[in-house]
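Which chain is which? The protein sequence lines are A and B, in order. Take any residue in the first sequence, note its place counting from 1, add 713, and you have its number in our numbering. Take any residue in the second sequence, note its place counting from 1, add 808, and you have its number in our numbering. For glycine and all other residues, C-beta sits at the position ideal for the given N, C-alpha and C. Heads up, the thing below is written out as structure tokens.
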Amino acid sequence: MSPTTTENIYVPKTAIIDRITDNIEDVKTFYWHFEDPAAQAEFKKFRPGQFAQVSLFGIGEFPLSLPPSPTEEEVFFTCRTVGTCSAALHKLKAGDRFAVRGPYGNGFPMEDYYGKSLVFVAGGIGLIPLRSCIIYAMAHREKFDKIQIYYGSKSPKELMYMADLAEWTKSAGVECSLTVDRSAEGWDGNVGVVGSLFKKPGVTVPVDNTKAFVCGPPIMFRFVIKDLLELGFQESNIVSTMERYMKCGVGKCGHCCIGVAYVCMDGPVFTYEQIKKLGEKI
Amino acid sequence: MKARILDRRDVLKIVDQLKDQGYEVIAPFTGLGRDTFFDTVTDENRDRIQIHLPNPYYPPKRLVLPQMERTMKAKMENGGLKIEPTYNEPRIAIFGIRSCDLAGIYHLDRFYLGRDFTDIYYEKHRKNLFLVNVACTDKNLDISDECFCPCADTGPAARDHFDLQLMDLGDEFMAVAGSSAGEALFQSPIFRKGTKEHIEKRHDILDDVRKHFKTATSWFSATVRYVSQGEIIDKTFEEIGNRCLECGACTYVCPACTCFTVTDRKVGENEIERVRMWDACALSGFTRMAGGHNPRKATHDRRNRRFFRKLAHYFIQRELSMACVGCGRCHVACHGDVGMPSTVEIIRRATTENK
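Written as structure tokens, this is what we have:
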């Protein structure tokens, strides 16, 4: 055995919360920075679609996707309270310290998408992991053909990232369509599941030389995949990100395996073609 | 590889040599009844070390991957957060490790030291580890009914990955050095050069021993193929899953299982330690996510997972070593009789009856 010069992959670095914004019910966005500026600079090299391991000592450590694009100035997490760790994260205030390590995972191979049209289909908080890719694509707008965003949520007040949505809806370089399952007062937009947007008059979803990104609850995922295949998408051109229980993020703890893949190492970004070949049901 | 011969009465002098070099020597002992275990060698128990005995119930895995180990400490003071990793760097020699367990440690090496990231905690345990392998040659004591190392190609005598290998030739032992550290031991006057007859005797003994394995898993390689190609129908794994009691014993006694979980615990005012410990894919919480969604909800999905991870060609290729070493411990530990040999048998029956 060679003498040890190994870096410790499990030790996170201290980070400080700058500010917290409320998004929708149970979902908050945490803007933060590393205490050590060198760590911050190193971390900022992340790719869209990667994730980080967040430590709240005494509570635990858990994976969170990175919704910011590396082209943005600030780094943040958007997180819904679902379990013990996320509930504890929601209790933090600006100035509080926690710890982060990463970025991990494969991320979206953005260079492979150059020259192609991008179709984003998101449901509910499924927009969080796709946001990074969308912002990155908008920042490098000239490198891509058409960009379309189809986003749906249960009700108008559950639409994520309202400021971004407003910008995308106005922006000339992108077609953004929103829908809600159940309408509410003040909502004059589309009503129906997100897949119904493809069939709206005046909507043409590009299929040739196009990548479709799907992220959302399992039921939405299944139906949107069906819709996209019907539109003529190849399975290799449908991209999604997976989520699994994770302890290490670096391919050692074994929790996140789906068939042959470690979601933390081989994912979280997979094409639908890959997902089908993993050897285990998702 | 260099080989030497030593007298039977001198074998334990190797233990003394290693102790003199500062190693904590761990060796197998027998307790009451059929109980067998690894323990630290002291002056008091040194003469009770067993060269031949049924392989200890627990593998020596804990010596490189402790069942529970602190990885770091965090202290919260005056609004600050200080995180400090903590390490154990033991100097251990395992005397009398069986060939299957040796292959287990090799698998852990491939998994924890290889691939994209190196696990520093494992590395520190492994760095100073000295392995004295004893080939299984006593067909009554060494070979249990559950052993199937010839099928997994790990035994009865390991070909490599040891520092020193000992083989009982009767009145004499053959010692084979597998590393320069092992070869260095040959400077002791207890070792002498062997002859052609010694090598012939070794071959004869091994040929004979191989005939005494009772667990028929000649379908092992076929099962690898079926698992890899996804040819096993769901019903087969449902049958296996129905017999699983979800105790996790198969993973805890497995010398090649690698999964761990991580948890934090309070150790003082504003002080937290993070520990990692063995986890088992048999347990339903293994894949349960925050919010309650569990992608592997059914027991048979988790059984499927275990055998897929052990037997799929993809993983064998990925680690260049198989995660089943044929020690048969899961067969002994499993109350539902779905250890590896039984599972192979169930799969054999299912495939032959369906065709």
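- CA-to-CA, the gap between B:C1089 and B:Y920 works out to about 18 Å.
- The C-beta separation of A:K757 from A:P783 comes to about 6 Å, placing the pair in contact by the 8 Å criterion.
- At least 8 Å separates the CB of B:C908 from every CB of chain A.
- Taking the beta carbon of B:Y920 as reference, the chain A residues within 9 Å of it are K965, listed in sequence order.
- B:Y1060: not part of any beta strand (DSSP E); member of the alpha helix (DSSP H) spanning 1057-1060, first to last residue.
- Cβ-Cβ separation between B:V1070 and A:E774: approximately 6 Å, consistent with a contact (criterion under 8 Å).
- Scanning the region 716-748 of chain A from its first residue to its last, the whole beta strand (DSSP E) runs of 3-plus residues come out as 726-735, 740-747.
- Inside the region 868-929 of chain A, DSSP marks whole alpha helix (DSSP H) runs of 4 or more residues at positions 875-883, from first to last along the chain.
- Within the region 1078-1131 of chain B, the complete beta strand (DSSP E) runs of at least 3 residues fall at 1079-1086.
- Using beta-carbon distances, A:T742 does not count as an interface residue toward chain B, since no partner is under 8 Å.
- About 6 Å separates the Cβ atoms of A:K829 and A:K924, confirming a contact at the 8 Å cut-off.
- Of all residues in the region 918-949 of chain B, the ones placed with a Cβ closer than 9 Å to any Cβ belonging to chain A are F919, Y920, L921, R923, D924, F925, T926, D927, I928, Y929, Y930, E931, K932, R934, K935, N936, L937, in chain order.
- In the three-state reduction of the DSSP assignment, B:R817 falls in the helix class, which pools H, G and I.
- Of the candidates A:G967, A:P761, A:Q763, A:A800, A:A800 places its Cα closest to the Cα of A:L769.
- Taking all protein chains shown into account, A:K912 has fewer than 16 neighbouring C-beta atoms within 10 Å of its C-beta and is therefore exposed.
- The residue from B:Y895, B:V940, B:K881 with its alpha-carbon nearest to that of B:P836 is B:V940.
- If the five residues before and after A:C969 are omitted, its C-beta is found closer than 7 Å to the C-beta atoms of R957, Y958, M959, Y975, V976, C977, all from its own chain and listed in chain order.
- Among the residues facing chain B, A:T727 is included, as its CB has a counterpart in that chain under 8 Å away.
- Rounded to whole angstroms, B:C1138 and A:G972 show a C-alpha spacing of 22 Å.
- Contact between the region 900-920 of chain B and the region 1115-1125 of chain B is absent, with fewer than three C-beta pairs closer than 8 Å.
- Within chain B, C1067, T1069, D1087, F1094, T1095 have C-beta atoms less than 8 Å from the C-beta of A:H968, given in sequence order.
- Within the region 756-844 of chain A, the runs of alpha helix (DSSP H) at least 4 residues long that lie entirely inside it are, in chain order, 797-803.
- For B:P868, no Cβ of chain A is located within less than 8 Å of the residue's own Cβ.
- Residue pairing of B:L939 in beta bridges, as defined by DSSP: B:I902.
- For A:G773, the C-beta contacts it makes with chain B under 8 Å involve V1070, T1071, D1072, in order along the chain.
- Under DSSP, B:T1069 forms a beta bridge with B:M1085.
- Pairing A:P842 with A:P780 gives a Cβ-Cβ distance under 8 Å.
- With a 10 Å radius around the Cβ and a threshold of 16 neighbouring Cβ atoms, A:P914 comes out exposed.
- B:I998 has its alpha-carbon roughly 19 Å from the corresponding atom of B:I1007.
- In the DSSP assignment, A:E948 falls outside any alpha helix (DSSP H) and carries neither an H nor an E.
- Taking a Cβ-Cβ cut-off of 7 Å, the neighbours of A:N721 in chain B comprise P893, I928, given in sequence order.
- For B:D843, the closest C-alpha among the options B:A1057, B:L861, B:N853 is that of B:L861.
- Checking the DSSP bridge columns, you'll see A:I860 partnered with A:L831.
- Of the residues assessed, A:T917 falls on the exposed side of the cut-off, its CB having fewer than 16 other CB atoms within 10 angstroms.
- With fewer than 16 neighbouring CB atoms inside 10 Å of its own CB, B:D1012 falls in the exposed class.
- Nearest Cα to B:H1108 within the set B:T1023, B:C1062, B:A1120, B:I1040: B:I1040.
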